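All residue numbers for the sequence shown refer to my numbering, where the first residue is 538 and numbers rise by one.
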Amino acid sequence: MKPKSKASESAAATCFLLMIFLCSFINGDQMETNYEGLSYSYYEKTCPKVEEIVRSSLSSMFILDPTSPAALLRLMFHDCQVQGCDASILIEPSGDHQFTELDSAKNFGIRKRDLIGAIKSSLEMECPQQVSCSDVIILAAREAVALSGGPLIAVPLGRKDSLTTPGKHVADSELPPATADVDATLNLFAAKGMTVEESVAIMGAHTLGVTHCNNVLSRFDNANATNENMDPRFETFLRVVCPEFSPHSQTAKVTFVVNDQTSLVFDSAYYDDSMAGRGTLRIDSEIGADPRTRPFVEAFAADNDRFFNAFSSAFVKLSSYKVLTGNEGVIRSVCDKVD
538 MKPKSKASES
548 AAATCFLLMI
558 FLCSFINGDQ
568 METNYEGLSY
578 SYYEKTCPKV
588 EEIVRSSLSS
598 MFILDPTSPA
608 ALLRLMFHDC
618 QVQGCDASIL
628 IEPSGDHQFT
638 ELDSAKNFGI
648 RKRDLIGAIK
658 SSLEMECPQQ
668 VSCSDVIILA
678 AREAVALSGG
688 PLIAVPLGRK
698 DSLTTPGKHV
708 ADSELPPATA
718 DVDATLNLFA
728 AKGMTVEESV
738 AIMGAHTLGV
748 THCNNVLSRF
758 DNANATNENM
768 DPRFETFLRV
778 VCPEFSPHSQ
788 TAKVTFVVND
798 QTSLVFDSAY
808 YDDSMAGRGT
818 LRIDSEIGAD
828 PRTRPFVEAF
838 AADNDRFFNA
848 FSSAFVKLSS
858 YKVLTGNEGV
868 IRSVCDKVD
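As structure tokens, this is what we get:
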């Protein structure tokens, strides 16, 4: 056999490297990626310790208050659902902002806004005026998932903060109601570029935390409401824990039901409950029965890794929705005030 020339060996090596490059590009491995003006290495030079600072700030807090992860994840969801992920949910009423999105009843129970402010203060000491409050919210939610047993999600960064906060009416219209069904939920997340599988996966965030009785009672206050796929024993349990007082009463607001049997752990137990008719909210039950969503509920219940992968993809899409980048927004020095 004729030996290969150096030129042919070089060409073969070049082709091999090109194949590796293409595979990396296709799989997204070890590649710098932009997503709607965001970047996975955005703070590499301006604040390289940003993720480390966020993680260390939260680790001890999660030990002291194990309900913190659920609160931070909900905070991120509610910020991103209303005019995009721009930290507008953190702005306190003042001056021209006498009424903010927090005045919406759908933002009842939002917590840990002060924790975002504390993390921001630490970052200002390390790298002043570099990290936005909106990126801190996303990173805190990412850590909330990971430190609760879920996946560590790679998220692109570079969001800017808004200079305004929408009023109560905007939050009322853009945040989903507790009575949302499968159609409404799939439409909501499809508008953010999610597939049906990703939409079912992002609902898995309900594996953490609790649901207040004022939202549970909405399932029973309409005589025509359907409670498909609800275990009769679970319905009895809900009615005992959340008796038939007004959904708007103070008692309904302070009483709650845990979302699943492992409400402090990010796992797939939510989907087991959904299939068994033990979903706390209407959507939690219906995705376990609807033919469009049931196959994914079954798949996630059987395969934790598949759930984690789909949730990670959905998390990135939600956290990148309608973001402000470049000169479109600002970096607030204090998260609850407009500079």
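In this text, a Cβ means the ideal position worked out from N, Cα and C, and glycines have one as well. A quick note: this is a predicted structure, and the numbers were derived from the prediction, not measured.
Local Cβ density within 10 Å of residue i, reported as buried at 16 or more and exposed below that
i	result
residue 662	exposed
residue 823	buried
residue 834	buried
residue 777	exposed
residue 489	For residue 489 there is no data in the structure shown, the boundaries of the chain being 538 and 876.
residue 570	Because the pLDDT at residue 570 is just 46, under 50, the model does not fix this residue reliably, and the point stays unresolved.
residue 895	Missing from the structure shown is residue 895; the chain here goes from 538 to 876 and no further.
residue 488	Limits of the chain in this structure are 538 at one end and 876 at the other, which puts residue 488 out of reach.
residue 832	exposed
residue 636	exposed
residue 780	exposed
residue 602	exposed
residue 630	exposed
residue 560	For residue 560, the predicted model reports a pLDDT of 38, less than 50, meaning its position is unreliable; a value from the coordinates is still stated below. Under this definition residue 560 is an exposed residue.
residue 769	exposed
residue 873	buried
residue 641	buried
residue 564	Note that residue 564 scores a pLDDT of 38, beneath 50, so its modelled location is shaky and nothing firm can be said.
Distance CB(residue i)-CB(residue j) smaller than 9 Å
i	j	result
residue 696	residue 862	yes
residue 587	residue 639	no
residue 671	residue 825	no
residue 797	residue 810	yes
residue 880	residue 847	Outside the shown range of the chain, which is 538 to 876, sits residue 880, and nothing can be said about it.
residue 746	residue 608	yes
residue 627	residue 611	no
residue 808	residue 771	no
residue 719	residue 829	yes
residue 753	residue 818	yes
residue 859	residue 698	no
residue 657	residue 615	no
residue 875	residue 700	yes
Whole-angstrom C-beta distance between residue j and residue i, which should lie under 8 Å
i	j	result
residue 618	residue 712	5 Å
residue 749	residue 816	Actually they are not in contact, since the Cβ atoms of residue 749 and residue 816 sit about 15 Å apart, beyond 8 Å.
residue 736	residue 722	6 Å
residue 594	residue 681	In fact, because the Cβ distance is near 12 Å, the residues do not count as touching under 8 Å.
residue 870	residue 666	6 Å
residue 598	residue 605	5 Å
residue 577	residue 668	With a Cβ gap of about 15 Å, residue 577 and residue 668 do not count as contacting.
residue 495	residue 755	With the chain covering 538 to 876 only, the question about residue 495 has no answer from this structure.
residue 730	residue 767	Not confirmed; about 31 Å, so no contact.
residue 840	residue 743	Not really, about 18 Å apart at Cβ, beyond 8 Å.
residue 652	residue 596	With 8 Å as the limit, residue 652 and residue 596 do not qualify as a contact, their Cβ atoms being about 12 Å apart.
**Message:** With three or more C-beta pairs closer than 8 Å as the rule, is the region 796-804 touching the region 676-689?
**Reply:** yes
**Message:** Quick check on the DSSP output: what are the complete alpha helix (DSSP H) runs of length 4 or more inside the region 732-763, in order along the chain?
**Reply:** 733-739 and 750-753
**Asked** How do the region 661-675 and the region 851-868 stand: do at least 3 beta-carbon pairs fall below 8 Å, yes or no?
**Response** yes
**Message:** If we require 3 or more residues per run, which beta strand (DSSP E) segments fall completely within the region 594-625?
**Reply:** none
**Item:** Entirely enclosed alpha helix (DSSP H) segments - the region 803-839, minimum 4 residues
**Value:** 806-812, 819-823 and 831-839
**Message:** So within the region 661-747, which uninterrupted alpha helix (DSSP H) runs reach at least 4 residues, ignoring any that extend past its ends?
**Reply:** 670-684, 705-711, 719-727 and 733-739
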